[in-house]
Amino acid sequence: MIRQFTKRNKDYSKWYNEIVIKSGLAEFSGVRGFMIIKPYGISIWEIIKTKLDKMFKETGHKNVYFPLLIPKSFFSKEKQHIKSFSKECAVVTHCKLIKKEKNKKELVIDPQSKLQEELIIRPTSESIIWKTYKRWIQSYRDLPILLNQWGNAVRWEMRTRLFLRTSEFLWQEGHTAHSTKNEAIEETKKILNIYTRFLENFMAIPVLQGVKPYMDKFSGSETTYCLEALMQDGKALQIGTSHFLGQNFSKAFDVKFTNINGKKEHVWSTSWGISTRLIGGLIMSHSDDRGLVIPPKIAPIQTVIIPIYKNRKELNQISEITEKIKNILEKQGISVQYDDRDIFTPGWKFNEYEMKGIPIRISIGSYEIKHEKAEVFRRDTYEKMDVSWNCLKKFIPELLEKIQNNIYQKALQRTNKGTLTLDHYDDFKKKINETGGFILAHWDGTINTVKKIQEETEATIRCIPIHIQNNVNVKETGKCIYSGKTSNQRVIFAKSY
RNA sequence: CGGGGUAUAGCGUAGUUUGGUUAUCGCGCCUGGUUUGGGACCAGGAGGUCGUAGGUUCAAAUCCUGCUACCCCGACCA
């Protein structure tokens, strides 16, 4: 019996949902917009955490933990911040439940337990952190503060999608404080580069570094740097952000330091984050019609070994060999799972591990025992190879490298192919409509133009590519693709998640 | 918030138009046996307040009314 699932080109979003559920990453929870991340999904998140955490620590950051709940009054300080987040806050107003009637099970809120001040479940932690930094910072000697926290946040979303947009998400939020503007900007860029390296080297997701246009930046920031990745369906996914907050929060929370000359100045700050959305991006970048494809460096299990046997005696023989192979590989830091469960046939296991995206599968049966070989299968290309036992030690790590590289190159080529420079609105519409992709086009800088383009094509400005933003000299003047008005730079348009 | 779905065993479903014995089938689960190179097979077994509240009726999964929940497609957003 073959368990089918929806193909990408038939119904992309159905494919996406099915792959998440069938591969065991996550499922719906019964609470609207909130998902259960299953062990397999969390194990990927844990790897993401471990790798990124190391990179943060290497650049001088420390971890910290602030509360989940934020008093409403803290939250009301920074104007722009309130404006954007107040629409999607979950608010705690009471702290007790009581039985509605005696001897009945139904519970109601105890009106007596109303809180003096309502508490907001953090949609992000700037407010409580800046309230605290005010106490921590007096002198330039207290700076910089380079902190990060791993936690969760809640934003009451109207429309949710597994991993891509859920009302609760797991994430990492960095919050730094600096004595100079320049240092804060450098920090923002440093983090952007860490994210980029992580995404490209580990997750094999090529990203475009950019700056958000003024109307699209994080509320309360001066500049929002972002990473945009192109998914297989031609839509863009914002996969990481790093904000230069200027002095907005230090002013809102009155955080000043005394500089070396004894003068008081407002602190400069940044914040930056990535979330469980990365897992959504991982799926939509690499996976195919047979299931997940996970780059080896992020795969919870890099190699699975499946025995093929006719009887107990054969299994014992295979297991003996397998244990040795497993040891050899594990000594090199490769994660190996030996699946000798008798309740499933090899065919069942093959399909299961392909669905889960395990990069390499090794199978060993009587044929292999006889020839002292193993059948090695790679998930990314479906290629099968016979490898003799004494070569595995070298072969498998090299193959993992190759797979990692191939997955990245494939995504890179797809992204490059999907990125076009266009000057005519007809071409623009056609491209967006037919294949999607990143389109580099001139923009007159007005919100009105963006609105019109969005209405007509569903595409929006994703970002101003950082190389264009940074290098005034290469700024190219031209005419806005929509209005024909003068433009001095190209921006990236795309449909997005 | 608008539009569309769905709600029956752990999961996926048939039955609902046209009410009628003991609610269908597949997967999964348990027991025993045979199997095992691309989602094995045989035999036996367990498992249900048909989302919820009310109504119509001799009789409701099925008809009527209300309610609730989740999913999908849009508008808002990491």
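Residues in the first sequence are numbered consecutively from 865, following the numbering used here.
C-beta: ideal position from N, C-alpha, C; glycine also.
Fair warning: this is a prediction, and the values are worked out from it, not measured in the lab.
For Tyr1004, same chain residues with a beta-carbon under 8 Å away, outside a window of 5 residues either side, are Ser1043, Phe1121, Thr1122, Asn1123 and Ile1124 in chain order.
If you ignore the 5 residues before and after Ser1139, its C-beta comes within less than 6 Å of the C-beta of Phe1033 and Trp1035, all in its own chain and listed in chain order.
About 15 Å separates the beta carbon of Thr1052 from that of Ser1114, a gap too long to meet the 8 Å contact definition. Shown here, Gly1348 sits in coil according to DSSP, grouped into three states, outside any helix or strand.
If you ignore the 5 residues before and after Glu1129, its C-beta comes within less than 7 Å of the C-beta of Lys1120, Phe1121 and Asn1123, all in its own chain and listed in chain order. Within the same chain, Thr1030, Ser1031 and Glu1032 come within 7 Å of Phe898 by CB-CB distance, once the 5 residues on both sides are set aside. In its chain, beyond the 5 residues on either side, Leu1094, Gly1098, Gly1282, Thr1283, Leu1284, Lys1295 and Ala1358 have a beta carbon closer than 7 Å to the beta carbon of Gly1301. By the neighbour-count criterion, in which 16 or more other beta carbons inside 10 Å mark a residue as buried, Met1249 falls on the exposed side. Proximity to Ser1252 across Thr1088, Thr1186 and Ala1275 peaks at Thr1186, based on C-alpha coordinates. By the neighbour-count definition (other C-beta atoms within 10 Å, threshold 16), Arg1141 is a buried residue. Restricting attention to alpha helix (DSSP H) runs no shorter than 4 residues, the stretch 915 to 983 encloses them at 936 to 939 and 943 to 949, ordered along the chain. By the 16-neighbour rule on beta-carbons within 10 angstroms, Glu1216 is buried.
Ile1207 counts as exposed, since fewer than 16 other beta carbons sit within 10 angstroms of its beta carbon.
Nearest to Val1075 by alpha-carbon distance, out of Tyr1089, Glu1064 and Ser1085, is Tyr1089. One alpha carbon belongs to Lys913, the other to Asp1006, and they sit about 28 Å apart. Taking the C-beta atoms as reference points, Phe1108 is found no nearer than 8 Å to Lys915. Put simply, the backbone Cα of Ile1328 is about 29 Å away from that of Asn1016.
A check of alpha carbon separations from Ile1143 across Ala1116, Lys1174, Gly1104 and Asn1175 identifies Gly1104 as the nearest.
Gln1273 and Lys1177 have their C-alpha atoms some 44 Å from each other. Distance from Asp1203 to Leu1179 at the Cβ level is roughly 12 Å; contact not present, criterion being Cβ atoms closer than 8 Å.
Under DSSP, Thr1060 takes part in no beta bridge, so it has no partner. Shown here, Trp1000 sits in a helix according to DSSP, grouped into three states.
Secondary structure within the stretch 1063 to 1125: the beta strand (DSSP E) runs of 3 or more consecutive residues, fully enclosed, are 1072 to 1075, 1087 to 1094, 1100 to 1110 and 1120 to 1122 (chain order). Just measuring C-alpha positions, the residue of Ser1351, Gln1102, Pro1160 and Met1219 sitting nearest Leu1056 is Gln1102.
By alpha-carbon distance to Gly1145, the top candidate from Ala1100, Ser940, Asp1291 and Glu1086 is Ala1100.
Per DSSP, the beta bridge partners of Val1168 are Gln1201 and Arg1225. Judged by DSSP secondary structure, Leu1179 falls within the alpha helix (DSSP H) whose first and last residues are Arg1176 to Lys1195. Taken through DSSP and simplified to helix, strand or coil, Met1022 comes out as coil. Contact between the stretch 1347 to 1355 and the stretch 1319 to 1335 is present: 3 or more CB-CB pairs across the two stretches fall below 8 Å.
8 Å or more divides the Cβ of Ser940 from the Cβ of Ile934.
In the structure shown, Ala1163 falls within a coil segment according to DSSP collapsed to helix, strand and coil. When DSSP states are grouped into helix, strand and coil, Ser893 belongs to the coil group.
Per the DSSP secondary-structure output, Phe1302 pairs in a beta bridge with Thr1283. Going by DSSP, Phe1214 is part of the alpha helix (DSSP H) stretching over Pro1210 to Met1219.
Around the C-beta of Ile973, fewer than 16 other C-beta atoms lie within 10 Å, and the residue is accordingly described as exposed.
Using a C-beta cut-off of 8 Å, the stretch 1164 to 1171 makes contact with the stretch 1220 to 1233, since at least three inter-stretch Cβ pairs fall below that distance.
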